[in-house]
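Participant: Listed in order, the protein sequences are those of chains R and D.
The opening residue of the first sequence carries number 3 in the working numbering; numbering runs sequentially from there.
The opening residue of the second sequence carries number 3 in the working numbering; numbering runs sequentially from there.
There are 2 protein chains.
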Amino acid sequence: IIFSMGKHGGAKTKTTVCLSDGVIFLAGAFMSLILVWSYFSIFSPSSNYSLTGLRGDGGPIKCSGLDMQFDPPDSGFYDDPDLSYSIEKSVTGWDEKRKRWLELHPSFKPGSENRIVMVTGSQSTPCKNPIGDHLLLRCFKNKVDYCRIHGHDIFYSNSLLHPKMNSYWAKLPVVKAAMLAHPEAEWIWWVDSDAIFTDMEFTPPLHRYRYHNLVVHGWANIIYDKQSWTALNAGVFLIRNCQWSMELIDTWKSMGPVSPDYAKWGPIQRSIFKDKLFPESDDQTALIYLLYKHKEVYYPKIYLEGEYYLQGYWIGVVGGLANVTERYLEMERDDATLRRRHAEKVSERYGAFREERFLRGEFGGRGSRRRAFVTHFTGCQPCSGDHNPIYDGDTCWKEMIRALNFADNQVMRTYGYVHSDLSKTSPLQPVPFDYPDEPW
Amino acid sequence: IIFSMGKHGGAKTKTTVCLSDGVIFLAGAFMSLILVWSYFSIFSPSSNYSLTGLRGDGGPIKCSGLDMQFDPPDSGFYDDPDLSYSIEKSVTGWDEKRKRWLELHPSFKPGSENRIVMVTGSQSTPCKNPIGDHLLLRCFKNKVDYCRIHGHDIFYSNSLLHPKMNSYWAKLPVVKAAMLAHPEAEWIWWVDSDAIFTDMEFTPPLHRYRYHNLVVHGWANIIYDKQSWTALNAGVFLIRNCQWSMELIDTWKSMGPVSPDYAKWGPIQRSIFKDKLFPESDDQTALIYLLYKHKEVYYPKIYLEGEYYLQGYWIGVVGGLANVTERYLEMERDDATLRRRHAEKVSERYGAFREERFLRGEFGGRGSRRRAFVTHFTGCQPCSGDHNPIYDGDTCWKEMIRALNFADNQVMRTYGYVHSDLSKTSPLQPVPFDYPDEPW
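Structure follows, in structure tokens:
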């Protein structure tokens, strides 16, 4: 009788039994023993939630999610003196390095193919605009709420990582550092400080991006036919944590202040994209330039998302907030499932239900039944207050607060409260049971 | 005859039975079928990292942490119309209700005994103090950093949940709502907006609190011998998500503005705690009052933590920030493990190492080698700016920024950067490989 049995999971269980008539009893007993043993090893109190896999050190993976206390001694990219976080140095072979890290940290593998770390930030000093920091605080709370509901980590940067890479260029060094600090994440999601999540349920359709490495809101025809610097918006993007992205950032940043050729890029960009606002090279036009000039290289890997508001221009959104509130309450009156109270941690289940029941195939954007996913207060410049002269500053601040409360209503429902009026932040109103079915 | 079951969630099971007799063949087949059944029920193909346990609906638990899309139809406390989030209504039988929720959501069970949700917040309107909201934003970032490193959820409240429960009373309705919205959490950790985590590695010794339901920084002798309203600080506390805490909050709030007897409680508190600042009843004195008047009821369940700075008065901390930086760099020069770069997600492993190697048995507090865990800028009132006249406002803001950068240095190390000077937020300085072993 040959008998070998390893640990469950990732492990093999092989049983070979060759018997003659004489030992049928033994065979039965033996099989039963295997059954008993396997059940015991699986349901024994000690290994209550042990994962079916082996960890680097041979012990079972704790199933309480991620093993944050385990970092094996095996040498990895962090131990390589030549690997630098700096925007000025290139990273090579990142895909293999990340892959190896995940192999050495198997508890991070489940879900790693879709894991997102959100990155945002703002300036290091107080805002010139008196209400600026208050709005930044609330915009950050809004992002933290979205990330908590969907289980994403979020990192806020309020310092320059490179003295020359400031204003709209500051995000590139931060995104690169985040990629290196978070090998467990497949996507880094940059979101400008003045972009607000106005649909707390919606989740980006990552499967749609499986062959792409950068996802940004934009339109190909406006890049290639109209040559406008607003053909896409670089204030919100998903970038895959891979070697391709490392190289994109290298090329991208070579048009920025850190590059010796910085000065020449402004005029080049303007010569092609005539409506470009600033004389100096900016990150958004730089990205459009790459797509325009090297379409064959970049277009296949950059997904221009236009089917929903990965970021939506606030002017087109805020006017509809009241109507869309009514539309969503209507869905909730239609179906008791959407009225069911629940733990915040399982909110995704109800978002998925609404998607399935009411929003299937519904595109986002103007006139859609969908709420805008992200409302971007482009041009409002809440911190400096130097908003685009075409609108009144007070309108910016007033509408930002309405958008923030609109989003907060979706969050506070699970805490038992709502804002009775989108312009009114406090106090909140208790939500009656089975709201909105029962009359308020 | 070969029964091959193929791949079942990373586990391979192969059973080969070579038998010479028909009956034995049937026996083997039967046994193998049981094996097939048993393994199949455990490693279903659908669940890659399937957990060795059964979910409410009979399916396997996904091991990619928490199953945030699963909420079974089984009726629970959320479906009870009489359960209210309001501070004015009592919750009964909460322990059973929470236990039942966890049973219906088994993916949340692993780690539930120590799961923490941090709750903080500030006023709903812009601060009077021009630098106020900037400081609040940075204090929130500091808490989000701590929670990201340790895997806690964090919720920021900037609206009153009850119009009468304002200022220092506002936290009670929020804490209660968070308890109900987060049945997956064993602890709700309230942290005032002006409290800053200055040791990003330290984790509260929860095992020490296993027989207690409320943990707050304070000293028994000062309650019972000195009757001072500063015998504990209610700005930072861990409260267990259990029925006892629900009842404590009911009793606690009955001394607050929501109570018809509110007016009488101020004088009562002052008659016992002579040094109390405000004439009106406040949450901190109210808690001390309960401990003082009903020692037998509350003292056994309230842990007064004085062995480390669960919250430390900033005046006693900020002067030592430079020295403590040096002491910690010294530890890092002493041991290469502390200099090893790593993913942020496994930072806890290095914190645990430092604890074991250098800080074992080291109490926190004045003169300790330990960094203060939490530095609380009590009396600075960063938002209103109405700081305690005994100190200069500018000192408050300057020291808050130094404390924030001191903490940020511990965070940004894993992103490759540090603040070269605690007073300087930006730009950051790249960290050389093997820092601080190599000369800067």
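Cβ coordinates follow ideal geometry from the N, Cα and C atoms, glycine included.
Computed from a prediction, not measured in an experiment: that's the story for all the values here.
Could you check if Asn411(R) is buried or exposed, using at least 16 other CB atoms within 10 Å of its CB as the buried criterion?
Facilitator: As a first step, residue 411(R) must be located in the first sequence, where it is residue number 409. Answer is buried; the Cβ neighbour count reaches 16.
Participant: Give a yes or no on whether the C-beta atoms belonging to Ile156(R) and Met181(R) are separated by under 7 Å.
Facilitator: What you label residue 156(R) is simply residue 154 of the first sequence in a count that begins at 1. What you label residue 181(R) is simply residue 179 of the first sequence in a count that begins at 1. No; because the gap between Cβ atoms is not below 7 Å, this pair is not in contact.
Participant: Could you name the residues of the same chain whose beta carbon sits closer than 7 Å to that of Ser124(D), not counting the 5 residues immediately before and after it, in chain order?
Facilitator: The residue labelled residue 124(D) in the question sits at position 122 within the second sequence. Taken in chain order, the residues that qualify are Leu138, Asn160, Ser195, Cys385.
Participant: So, does the stretch 160 to 173 of chain R touch the stretch 272 to 285 of chain R, judging by three or more C-beta pairs under 8 Å?
Facilitator: yes
Participant: Tell me which residues of the stretch 180 to 201 of chain R have at least one Cβ-Cβ distance to chain D shorter than 8 Å, keeping chain order.
Facilitator: So the close ones are Ala180, Leu182, Ala183, His184, Pro185, Glu186.
Participant: What would DSSP say about Leu56(D), mapped onto helix, strand or coil?
Facilitator: As a first step, residue 56(D) must be located in the second sequence, where it is residue number 54. Confidence at Leu56(D) is low in this model, with a pLDDT of 29, below 50, so its placement is unreliable and no value can be given for it.
Participant: Would you please verify whether the beta carbon of Gly395(D) is less than 7 Å from any beta carbon of chain R?
Facilitator: Here the question's residue 395(D) lines up with position 393 in the second sequence. Not one chain R Cβ lies under 7 Å of Gly395(D).
Participant: Using a Cβ cut-off of 8 Å, which residues of the stretch 341 to 369 of chain D contact any Cβ in chain R, in chain order?
Facilitator: Arg342, Arg343, His344, Ala345, Glu346, Lys347, Val348, Ser349, Glu350, Arg351, Tyr352, Ala354
Participant: Roughly how many angstroms lie between the CA atoms of Lys295(R) and Pro206(R), to the nearest whole one?
Facilitator: Stepping through the first sequence from its first residue, residue 295(R) is reached at position 293. Stepping through the first sequence from its first residue, residue 206(R) is reached at position 204. Distance from the CA atom of Lys295(R) to the CA atom of Pro206(R), rounded to whole angstroms, is 28 Å.
Participant: Which class does Trp221(R) belong to by DSSP, given the choice of helix, strand or coil?
Facilitator: Residue numbering aside, residue 221(R) sits at position 219 when the first sequence is read from its first letter. DSSP places Trp221(R) in coil when its eight states are reduced to three.
Participant: Can you list, in chain order, the residues of its chain whose CB lies under 6 Å from that of Ala222(R), leaving out five sequence neighbours each side?
Facilitator: Against the first sequence, residue 222(R) aligns to sequence position 220. Here the set comprises Leu306.
Participant: Locate the alpha helix (DSSP H) running through Leu306(R), then write down its first and last residues.
Facilitator: Stepping through the first sequence from its first residue, residue 306(R) is reached at position 304. Counting along the chain, Leu306(R) falls outside any alpha helix (DSSP H), though it belongs to the beta strand (DSSP E) covering 304 to 307.
Participant: Looking only at C-alpha atoms, which of Tyr315(R), Tyr419(R), Tyr352(R) sits nearest to Met333(R)?
Facilitator: As a position in the first sequence, residue 333(R) is number 331, starting the count at 1. It is Tyr352(R).
Participant: Just to confirm, is the Cβ distance from Arg372(R) to Gly366(R) under 7 Å?
Facilitator: Numbered from its first residue, the first sequence carries residue 372(R) at position 370. Numbered from its first residue, the first sequence carries residue 366(R) at position 364. Their beta carbons are under 7 Å apart, which means Arg372(R) touches Gly366(R) by this criterion.
Participant: Taking the straight line between their C-alpha atoms, what separation do you get for Gly58(D) and Glu186(D)?
Facilitator: In the second sequence, the residue the question calls residue 58(D) occupies position 56. In the second sequence, the residue the question calls residue 186(D) occupies position 184. The pLDDT assigned to Gly58(D) is 31, lower than 50, so where the model puts this residue is not dependable, and the model offers no usable value.
Participant: Could you give the C-beta distance for Tyr291(D) and Gln271(D), rounded to a whole number, given that I count them as a contact under 8 Å?
Facilitator: As a first step, residue 291(D) must be located in the second sequence, where it is residue number 289. As a first step, residue 271(D) must be located in the second sequence, where it is residue number 269. Yes, they are in contact, since the Cβ atoms of Tyr291(D) and Gln271(D) sit about 6 Å apart, within 8 Å.
Participant: Contact check, Gln245(D) vs Gly113(D) under 8 Å by CB: the rounded distance?
Facilitator: For the purposes of this step, residue 245(D) is identified with residue 243 of the second sequence, where counting begins at 1. For the purposes of this step, residue 113(D) is identified with residue 111 of the second sequence, where counting begins at 1. Distance from Gln245(D) to Gly113(D) at the Cβ level is roughly 21 Å; contact not present, criterion being Cβ atoms closer than 8 Å.
Participant: Looking at the strands, I want to know which residues DSSP matches up with Tyr315(D).
Facilitator: Position 313 of the second sequence, counted from the start, is the residue given in the question as residue 315(D). In DSSP, Tyr315(D) forms a bridge with His378(D).
Participant: To the nearest angstrom, how far is the alpha carbon of Leu424(D) from that of Gly381(R)?
Facilitator: Sequence index remark: in the second sequence, residue 424(D) carries index 422 (1-based). Sequence index remark: in the first sequence, residue 381(R) carries index 379 (1-based). The straight-line gap from Cα to Cα measures roughly 33 Å.
Participant: On the DSSP bridge list, what partners appear for Thr122(D)?
Facilitator: Position 120 of the second sequence, counted from the start, is the residue given in the question as residue 122(D). Answer by DSSP bridge pairing, in chain order: Tyr158(D).
Participant: Given His209(R), which residues of its chain have a CB within under 8 Å of its CB, disregarding the five upstream and five downstream residues?
Facilitator: As a working mapping, residue 209(R) is identified with position 207 in the first sequence. Taken in chain order, the list of residues that qualify is empty.
Participant: Along the stretch 125 to 139 of chain D, what residues have a CB closer than 9 Å to any CB found in chain R?
Facilitator: Gln125, Ser126, Thr127, Pro128, Cys129, Pro132, Ile133, Gly134, Asp135, His136, Leu137, Leu138, Leu139
Participant: Just tell me which of Met257(D), Gly268(D), Lys276(D), Met202(D) has its CA closest to the CA of Asp227(D).
Facilitator: Here residue 227(D) is taken as the residue at index 225 of the second sequence, counted from 1. Out of Met257(D), Gly268(D), Lys276(D), Met202(D), Lys276(D) has the C-alpha closest to the C-alpha of Asp227(D).
Participant: Roughly how many angstroms lie between the CA atoms of Glu105(R) and Pro432(R), to the nearest whole one?
Facilitator: In the first sequence, the residue the question calls residue 105(R) occupies position 103. In the first sequence, the residue the question calls residue 432(R) occupies position 430. So the alpha carbons of these two residues sit roughly 48 Å apart.
Participant: With 16 as the cutoff for other CB atoms within 10 Å, does Lys143(R) come out buried or exposed?
Facilitator: Taking the first sequence and counting its residues from 1, one reaches residue 143(R) at position 141. With 16 or more other Cβ atoms from the protein chains shown falling within 10 Å of its own Cβ, Lys143(R) counts as buried.
Participant: Am I right that Thr200(R) and Val413(R) are in contact with their C-beta atoms under 8 Å? What's the rounded C-beta distance?
Facilitator: Position 198 of the first sequence, counted from the first residue, corresponds to residue 200(R). Position 411 of the first sequence, counted from the first residue, corresponds to residue 413(R). At roughly 12 Å, the Cβ-Cβ gap does not stay under 8 Å, so Thr200(R) and Val413(R) are not in contact.
Participant: Could you spell out where the alpha helix (DSSP H) holding Gly353(R) opens and where it closes?
Facilitator: Locating residue 353(R) in the first sequence gives position 351, where the first residue counts as 1. It spans 349 to 356 - the alpha helix (DSSP H) in which Gly353(R) sits, taken as one unbroken run.
Participant: On the DSSP bridge list, what partners appear for Arg150(R)?
Facilitator: As a first step, residue 150(R) is located in the first sequence; it is residue number 148 there, counting from the start. For Arg150(R), DSSP records no beta bridge to any residue.
Participant: Could you check where the alpha helix (DSSP H) with Gly268(D) kicks off and where it finishes?
Facilitator: The residue labelled residue 268(D) in the question sits at position 266 within the second sequence. Note, Gly268(D): alpha helix (DSSP H), 264 to 274.
Participant: Where DSSP assigns a beta bridge to Arg242(D), which residues make up the other side?
Facilitator: Here residue 242(D) refers to the residue found at position 240 of the second sequence. Beta-bridge pairing links Arg242(D) to Trp189(D).
Participant: Taking the alpha carbon of Lys178(R) as the point to measure from, which residue in His136(R), Glu249(R), Glu203(R), Leu406(R) has its own alpha carbon closest?
Facilitator: Position 176 of the first sequence, counted from the start, is the residue given in the question as residue 178(R). Checking every option, the nearest Cα to that of Lys178(R) belongs to Glu249(R).
Participant: Which residues bound the alpha helix (DSSP H) around Ile403(R)?
Facilitator: By 1-based counting over the first sequence, the position of residue 403(R) is 401. That run of the alpha helix (DSSP H) goes 395 to 414.
Participant: What first and last residue would you give for the alpha helix (DSSP H) that runs through Ala197(R)?
Facilitator: As a working note, residue 197(R) is residue 195 in the first sequence. Not the alpha helix (DSSP H): Ala197(R) falls in the beta strand (DSSP E), residues 197 to 199.
Participant: Can you tell me which of Arg404(D), Phe408(D), Arg342(D), Asp394(D) puts its alpha carbon nearest to the alpha carbon of Asp439(D)?
Facilitator: Sequence index remark: in the second sequence, residue 439(D) carries index 437 (1-based). The shortest Cα separation from Asp439(D) among Arg404(D), Phe408(D), Arg342(D), Asp394(D) belongs to Arg342(D).
Participant: Between Trp267(D), His154(D), Phe79(D), which has its C-alpha nearest Gly67(R)'s C-alpha?
Facilitator: Residue mapping note: residue 67(R) aligns to position 65 of the first sequence, counting from 1. When each option's Cα is compared against that of Gly67(R), the closest is His154(D).
Participant: Using the Cβ count rule (16 or more neighbours within 10 Å means buried), how would you classify Lys111(R)?
Facilitator: Working through the first sequence from its first residue, we reach residue 111(R) at position 109. Buried, since its Cβ has 16 or more Cβ neighbours within 10 Å.
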